[in-house]
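Visitor:
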Amino acid sequence: MGLRFENKVVIITGGSRGIGAGCVKTFVSEGGKVVIADVRDEAGAALQDELNACGPGEVHYLHCDVTKESDIESLMSTTVQKFGRLDCLINNAGWHPPPQVIDDISLDEFRQLFNLNVLGYFLTCKHSLPHLRKSKGSIINNSSLVAQIGQQKALPYVATKGAVTAMTKALAVDEAPHGVRVNSFSPSLVWTELTEEYLQKAGYKDIDLIMKEMGRNQVMGRAGTVEECGKLCLFLAVDATFMTGVDLPITGGAELDYGRKCHTQP
Ligand SMILES: NC(=O)c1ccc[n+]([C@@H]2O[C@H](COP(=O)([O-])OP(=O)(O)OC[C@H]3O[C@@H](n4cnc5c(N)ncnc54)[C@H](O)[C@@H]3O)[C@@H](O)[C@H]2O)c1
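Residue numbers for the sequence shown follow the numbering used here, beginning at 492 and rising by one.
1) Does the beta carbon of H551 fall short of 7 Å from some heavy atom of ligand 1?
2) Is it the case that the CB of S597 approaches a heavy atom of ligand 1 more closely than 7 Å?
3) Is S635 a contact residue of ligand 1, with contact defined as CB to any heavy atom under 7 Å?
4) Taking C753 as part of the alpha helix (DSSP H), name the residues at either end of that continuous run.
5) Can you tell me whether N498 is buried or exposed? The criterion is at least 16 other CB atoms within 10 Å of its CB, across all chains shown.
6) Out of curiosity, what's the CA-to-CA distance linking N543 and V519?
7) Can you tell me the Cα-Cα spacing of G670 and D697, whole angstroms?
8) Can the beta-carbon of Q709 be found less than 8 Å from the beta-carbon of T659?
9) Could you tell me the alpha carbon to alpha carbon distance between A728 and T517, rounded to whole angstroms?
10) Of all the options G513, D730, L739 and A534, which has the alpha carbon lying nearest to the alpha carbon of G628?
11) Would you list the residues sitting across from Y552 in a DSSP beta bridge?
12) Just how far apart, CA to CA, sit P588 and G653?
13) Kindly list the residues whose CB is nearer than 6 Å to the CB of R495, restricted to its own chain and excluding five residues on each side of it in sequence; keep chain order.
14) Distance, Cα to Cα, T615 vs T558?
15) Report the CB separation of G736 from V673 in whole angstroms; it is logged as a contact under 8 Å.
16) Consult DSSP for T656 and reduce its assignment to one of helix, strand or coil.
17) Is the distance from the Cβ of S675 to the Cβ of N632 below 8 Å?
18) Can you give the beta carbon distance from V530 to I503, rounded, assuming they're within the 8 Å contact cut?
19) To test your reading of the DSSP string, which unbroken alpha helix (DSSP H) runs of 4 or more residues are found completely within the segment 666–714?
20) Regarding P647 and ligand 1, is the C-beta to nearest heavy atom distance less than 7 Å?
21) Please return the same chain residues whose Cβ sits closer than 7 Å to the Cβ of L577, not counting the five positions on each side in sequence.
22) Put A745 into one of helix, strand or coil per three-state DSSP.
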């Protein structure tokens with residue numbers, strides 16, 4: 492089989508590490524030209540150099556804060572100047588705050604998270620669409636399983652991810668006449684630097700132990716990997732030609748079964 496993304500171009504926000512980096516590696520391994528848009532310059536440049544040394548695709552790192560419209564405008568123009576086209580946008584740059592109850596959440600904190608997790612996706616969608624309509628490309632939004640099932644002490648995060656899943660469907664309706672597909676995927680637990688930082692801030696000391704415990708929240712008994720997320724995105728970008736407005740769970744069955752859910756003693 493030939494390379495599945497050869498000579499095609501994808502922008503991956505938050506591609507310097509974690510799930511975004513998993514997507515970068517997958518698309519490069521299939522011959523893609525990948526633009527990493529991130530604020531983590533050192534890690535992004537290092538990943539760019541590492542992958543360009545092996546190919547078969549090509550990586551270009553660009554500093555881009557997705558909450559700044561001017562950064563996104565120059566991301567789009569630089570991408571199209573360098574690679575001539577845009578076939579796919581993967582919206583992934585986001586953050587999960589440490590556990591917090593409503594009494595301790597300030598309006599400003601909520602607004603800042605909404606700016607990043609939702610309006611960042613909105614802005615990249617808006618400015619990439621003129622190019623995606625030309626290529627009949629697609630948008631893939633990284634949402635979260637918690638948008639469907641909730642999560643304890645994570646009100647703003649859950650709300651932002653609910654907005655991502657809903658926005659995906661609204662945009663899919665509007666863009667179908669232009670030949671652009673818009674889908675999302677919803678991981679449960681994926682082992683990344685963000686997960687580790689979250690657990691540390693939540694006060695866990697033995698991270699390996701808690702990760703094993705949390706693996707059991709999936710019926711498959713483990714966390715997902717960034718490579719598995721990359722493969723799912725490749726499927727949505729390349730193979731899912733009759734799918735739009737869909738939210739694909741990548742959860743190891745975390746939403747299945749009926750079991751202990753109460754967080755306090757009765
Ligand atoms: N890890 C999980 O278990 C999990 C589960 C469900 C959904 N998600 C979602 O997956 C996405 C990636 O999560 P991750 O675990 O890989 O996190 P991560 O922190 O490891 O990676 C996120 C990347 O986004 C970048 N980023 C943050 N703010 C940015 C900004 N303003 N502009 C540009 N880039 C920015 C960071 O620098 C980082 O490289 C997030 O949207 C997250 O909500 C993660």
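We put the beta carbon where it would ideally sit given N, CA and C, even for glycine.
Predicted model, so just to flag it, every value in this text is computed and none were measured.
Guide: Judging by the given coordinates:
1) False, no ligand heavy atom lies under 7 Å from that Cβ.
2) Because no heavy atom of ligand 1 lies under 7 Å away, the Cβ of S597 does not count as near it: no.
3) Yes, the Cβ of S635 comes within 7 Å of a heavy atom of ligand 1.
4) For C753, no alpha helix (DSSP H) segment is defined, and its DSSP state is neither H nor E.
5) With fewer than 16 Cβ atoms within 10 Å of its Cβ, N498 is classed as exposed.
6) Whole-angstrom Cα-Cα distance: 9 Å.
7) Straight-line measurement puts the Cα of D697 at about 49 Å from the Cα of G670.
8) By the CB criterion at 8 Å, Q709 and T659 fall outside the cutoff.
9) The alpha-carbon separation between A728 and T517 amounts to approximately 12 Å.
10) The candidate whose alpha carbon is nearest that of G628 is D730.
11) According to DSSP, which records beta bridges pairwise, Y552 is partnered with I527.
12) Rounded to the nearest angstrom, the two C-alpha atoms are 16 Å apart.
13) Counting only residues of its own chain and dropping the five nearest sequence neighbours on each side, R495 has a CB closer than 6 Å to the CB of E521 and V729.
14) Pairing T615 with T558, the inter-Cα distance amounts to about 9 Å.
15) Contact holds; Cβ gap of about 7 Å.
16) If DSSP states are grouped into helix, strand and coil, T656 belongs with the helices.
17) It is a contact, given that the beta carbons lie within the stated cut-off.
18) The C-beta distance from V530 to I503 rounds to 14 Å, too long to meet the 8 Å contact threshold.
19) Segments of the alpha helix (DSSP H) lying fully in the segment 666–714: 684–692 and 698–706.
20) Relative to the non-hydrogen atoms of ligand 1, the Cβ of P647 never comes closer than 7 Å to any of them.
21) Scanning its chain for C-beta atoms nearer than 7 Å, with the 5 sequence neighbours on each side dropped, one finds around L577 the residues V500, I502, T570, V571, S619, H622, L623, S626 and G628, in chain order.
22) When DSSP states are grouped into helix, strand and coil, A745 belongs to the coil group.
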